[in-house]
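Below is one structure, written out as structure tokens; the observations come after it.
In the UniProt record's numbering, the protein residues as written are 1 to 238.
Following this line, the structure appears as structure tokens:
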């Protein structure tokens, strides 16, 4: 086998050795059924807890990143991965734009979204955009491992409860009044989160959240954020 290379013969030999080592590792992983996972999340505890469980209980090989640029760099250098797990609200994601970039980088293999606060409508939008799954961060450890195995095998995964919620929300009169982003903010309000916490979860400025809250109060005819959250809960939206 020969390669065109502008460097020395030694550099070419080193390049061929690296390619051979990477391919050797890939063949070994396949033969042993080892999942190669990339987990990208900007929350240290989430990243460390999930990766530790996937390694210890799932026997997976897990690479880590803290933002979308880091994830793309990992895919370029070590990918494609059997599955890429992306935090929906980490830096660089810009909603589902980050999903599209990761899908393109990962060579057609699965990319799933992790989220702690996004509503069911966002899950459906992620699937429509090509995600292989949508994983709530509230999911139990064993259920998460089962979902990862399922998606690594090329199957689409979304929790049944989330799909039921999406079906109900999509026909709900309140949902029809609000944009997807407003629903995300309202979901945060219904969980008792502060503007700062919602801004962090959605990777937005706090002033932007304040504007959304003001719009929500107007659309829901609520006097304040607490009343807006109560309207959503009483209507069964969340």
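Glycine is no exception: its CB is placed at the ideal position from the N, C-alpha and C atoms.
Output the boundary residues of the alpha helix (DSSP H) element that contains residue i.
i, result
"residue 150", "141-152"
"residue 205", "Looking at the DSSP string, residue 205 is not in any alpha helix (DSSP H), and its letter there is neither H nor E."
"residue 190", "180-190"
"residue 194", "Looking at the DSSP string, residue 194 is not in any alpha helix (DSSP H), and its letter there is neither H nor E."
"residue 173", "173-177"
"residue 75", "68-78"
"residue 230", "225-234"
May I ask you to report which of helix, strand or coil DSSP gives residue i?
i, result
"residue 87", "strand"
"residue 61", "strand"
"residue 40", "strand"
"residue 105", "helix"
"residue 131", "coil"
"residue 136", "strand"
Counting only the same chain and skipping the five closest in sequence on each side, list residues whose C-beta sits under 8 Å from that of residue i.
i, result
"residue 223", "217"
"residue 210", "195"
"residue 158", "123, 127, 133 and 134"
"residue 82", "35, 36, 37, 109, 110 and 152"
"residue 199", "205, 206, 208 and 209"
"residue 149", "35 and 58"
"residue 228", "186, 189, 213, 216, 217, 220 and 222"
"residue 197", "188"
"residue 156", "127, 132 and 133"
Do you know how far the Cα of residue j is from the Cα of residue i?
i, j, result
"residue 139", "residue 128", "22 Å"
"residue 122", "residue 180", "7 Å"
"residue 48", "residue 226", "34 Å"
"residue 96", "residue 126", "7 Å"
"residue 235", "residue 77", "48 Å"
"residue 131", "residue 113", "7 Å"
"residue 219", "residue 212", "10 Å"
"residue 66", "residue 206", "21 Å"
"residue 17", "residue 71", "Caution applies to residue 17, whose pLDDT of 41 falls short of 50 and renders its modelled position unreliable; the model cannot decide the point."
"residue 120", "residue 41", "20 Å"
"residue 188", "residue 117", "7 Å"
"residue 176", "residue 230", "18 Å"
"residue 46", "residue 192", "20 Å"
"residue 154", "residue 115", "20 Å"
"residue 73", "residue 44", "19 Å"
Tell me, to the nearest whole angstrom, how far the beta carbon of residue i is from that of residue j; I am working on the premise that it is less than 8 Å.
i, j, result
"residue 182", "residue 215", "6 Å"
"residue 60", "residue 75", "Actually they do not touch by this definition, with Cβ atoms about 16 Å apart."
"residue 51", "residue 64", "6 Å"
"residue 152", "residue 35", "5 Å"
Only counting the same chain, and skipping five residues up and downstream in sequence, which positions put a Cβ closer than 6 Å to that of residue i?
i, result
"residue 89", "201, 202 and 203"
"residue 136", "none"
"residue 174", "235 and 237"
Under 7 Å Cβ to Cβ from residue i, same chain only, skipping five residues before and after it: list those, please.
i, result
"residue 141", "53"
"residue 111", "84, 86, 99, 102, 103, 131 and 132"
"residue 57", "145"
"residue 62", "37, 39, 51, 54 and 55"
"residue 80", "106, 107 and 109"
For the beta strand (DSSP E) that residue i lies in, which residues bound it at each end?
i, result
"residue 112", "110-115"
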